[in-house]
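Colleague: First the structure, then my questions, so here it is.
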Amino acid sequence: MAHSITLDRGSPVPLYFQVAQHVEQSIEAGALPRGTRLPNEIELAKQLGVSRPTMRKAMEYLVGKGLVVRQRGVGTRVVSPKVRRSLELSSLFDDLDAIGQRPTTRVLSNTIEDASADVAELLGVPKGSPVIAISRLRSALDQPIARLHNYLSASRLSVSTDALETQGLYQLLRRSGVQLHSATQVIGARTATAAEARMLGESKGAALLTMQRTAYDDHGTVVEYGNHIYSALRYSFHMSLLSI
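Structure representation (structure tokens):
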């Protein structure tokens, strides 16, 4: 690996960051696939002609980004690059599929129930109206990424479990004639409960990203409400900002 890394020692960019960036780019390009075992820090530092603290700091940066993991007795291994999702009106299934992450879905529940006062308010329907309540576990490259809870008015469409396991929810909505137009969403973070950690393959208390989204059709009517959690180790939101 070290032979492919060229460091600019006259650059104001710290050496540890140059090393980390080269490794990160190699992981994202597929040159260092998941499971690749990296040489130890002492060996890498010697090959690159940098100090051991510099090499350790580079590895700590990569660990912090969820690109590599350290295991006692095993060493440092590459894991899947973190999924970055643009903040657009698209489904997680579509986004993962578009970047070749091979999304899979396990439907945890798919039921019709009477809308509680909170759900009715979120969907803009009378309390007690029939609503579809869906819970799914979404994975990418065989690793759990997110648990998705969604509510939809049962009067607008029906959604089969088989369809949910092979397609994204927004794909199904569009094929049912629903024209998605806009959405509001709130992004936050919290720690995982024991049950959430088990589901997402994390440790109890691990960091989670959260998102609540309300999507509207082209008439301004609420189409669905989602309440999702994501593994912060393997997932992030990405946005572009423009000056006005």
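Take 6 as the starting number for the sequence shown in the numbering used here and just add one per residue. Quick reminder that beta carbons are idealized off the backbone N, C-alpha and C, glycines included.
(1) Using three-state DSSP, classify Ala122 as helix, strand or coil.
(2) Restricting to Cα atoms, I'd like to know which of Ser144, Val18, Met64 and Gly129 is closest to Ser236.
(3) Buried or exposed, going by whether 16 or more other CB atoms sit within 10 Å of the CB of Glu158?
(4) Pick helix, strand or coil for Ala159, following the three-state DSSP scheme.
(5) Rounded to the nearest angstrom, what separates Arg82 and Tyr66 at their Cα positions?
(6) Looking only at its own chain, which residues have a Cβ that is under 6 Å from the Cβ of Leu238, when we skip the five neighbours before and after it?
(7) Quick check on His233: buried or exposed, where buried means 16 or more other Cβ atoms within 10 Å of its Cβ?
(8) Curious, which full-length beta strand (DSSP E) runs of at least 3 residues does the region 12-46 contain?
(9) In terms of residue numbering, what span does the beta strand (DSSP E) encompassing Asp222 cover?
(10) Count the CB pairs spanning the region 189-197 and the region 126-141 that are closer than 8 Å, and state whether there are at least three.
(11) Quick one: residues in its chain with C-beta nearer than 8 Å to the C-beta of Glu201, no 5 flanking neighbours on either side, listed in chain order?
(12) Alpha carbon to alpha carbon, how far is Arg179 from Leu92? Give it in angstroms, no decimals.
(13) Cβ atoms of Val130 and Ala122: under 8 Å apart, would you say?
(14) Measure the C-alpha to C-alpha separation of Leu49 and Met216 and round it to an integer number of angstroms.
(15) So who's on the other strand from Pro135, going by DSSP bridges?
(16) Does DSSP classify Leu185 as helix, strand or coil?
(17) Determine the direct distance from the alpha carbon of Gln23 to that of Arg57, and round the result to whole angstroms.
(18) Starting from Thr226, trace the alpha helix (DSSP H) both ways and give me its first and last residue.
(19) For Ser165 and Gly80, what's the separation of their Cα atoms in angstroms?
(20) For Thr198, which of Met204, Lys209 and Tyr156 has the nearest alpha-carbon?
(21) Taking all protein chains shown into account, do 16 or more other C-beta atoms lie within 10 angstroms of the C-beta of Gly231, making it buried, or fewer, making it exposed?
(22) Who pairs with Pro58 in a beta bridge, going by DSSP?
(23) Do Leu43 and Val73 have their CB atoms nearer than 8 Å?
(24) Leaving aside the five residues before and after Arg111 along the sequence, list all residues of the same chain whose C-beta is less than 6 Å from its C-beta, in chain order.
Modeller: Per the coordinate set shown:
(1) For this step, residue 122 is matched to residue 117 along the sequence shown. Helix at Ala122.
(2) Residue mapping note: residue 236 aligns to position 231 of the sequence shown, counting from 1. Checking every option, the nearest Cα to that of Ser236 belongs to Ser144.
(3) Taking the sequence shown and counting its residues from 1, one reaches residue 158 at position 153. Looking at the sequence provided, one finds Ser at residue 158 rather than Glu. Buried, since its Cβ has 16 or more Cβ neighbours within 10 Å.
(4) Here residue 159 refers to the residue found at position 154 of the sequence shown. DSSP places Ala159 in coil when its eight states are reduced to three.
(5) If you number the sequence shown from 1, residue 82 lands on position 77. If you number the sequence shown from 1, residue 66 lands on position 61. Distance between the alpha carbons of Arg82 and Tyr66: 14 Å.
(6) By 1-based counting over the sequence shown, the position of residue 238 is 233. The residues are Gly71.
(7) Position 228 of the sequence shown, counting from 1, holds the residue named residue 233. With 16 or more Cβ atoms within 10 Å of its Cβ, His233 is classed as buried.
(8) none
(9) As a working mapping, residue 222 is identified with position 217 in the sequence shown. Note, Asp222: beta strand (DSSP E), Ala212 to Asp222.
(10) no
(11) As a first step, residue 201 must be located in the sequence shown, where it is residue number 196. Excluding positions up to five away in sequence, the list reads Arg152, Glu207, Leu213 and Ile234.
(12) Stepping through the sequence shown from its first residue, residue 92 is reached at position 87. Stepping through the sequence shown from its first residue, residue 179 is reached at position 174. Only weak support exists for where Leu92 lies, its pLDDT of 44 falling under 50; the value from the coordinates is given anyway. So the alpha carbons of these two residues sit roughly 19 Å apart.
(13) To locate residue 122, count along the sequence shown from 1; it is residue 117. To locate residue 130, count along the sequence shown from 1; it is residue 125. Not closer than 8 Å, so no.
(14) Here the question's residue 49 lines up with position 44 in the sequence shown. Here the question's residue 216 lines up with position 211 in the sequence shown. Whole-angstrom Cα-Cα distance: 40 Å.
(15) The sequence position of residue 135 within the sequence shown is 130, counting from 1. Answer is Asp119, bridged to Pro135.
(16) Counting from one through the sequence shown, the residue named residue 185 turns up at place 180. It is a strand residue.
(17) Against the sequence shown, residue 57 aligns to sequence position 52. Against the sequence shown, residue 23 aligns to sequence position 18. Approximately 15 Å, taken between the alpha carbons.
(18) Sequence index remark: in the sequence shown, residue 226 carries index 221 (1-based). Unbroken run through Thr226: none, as it is neither H nor E.
(19) As a position in the sequence shown, residue 165 is number 160, starting the count at 1. As a position in the sequence shown, residue 80 is number 75, starting the count at 1. For Ser165 and Gly80, the distance between alpha carbons rounds to 45 Å.
(20) Here residue 198 corresponds to residue number 193 of the sequence shown, with the count starting at 1. Comparing Cα positions, the closest option is Lys209.
(21) As a working mapping, residue 231 is identified with position 226 in the sequence shown. Flag for Gly231 reads buried.
(22) Counted from its first residue, the sequence shown places residue 58 at position 53. According to DSSP, which records beta bridges pairwise, Pro58 is partnered with nothing at all.
(23) Indexing the sequence shown from 1 puts residue 43 at position 38. Indexing the sequence shown from 1 puts residue 73 at position 68. Yes, the pair counts as a contact, with Cβ atoms nearer than the cut-off.
(24) Your numbering for residue 111 matches position 106 in the sequence shown. Within the same chain, Arg111 has close Cβ partners Leu142.
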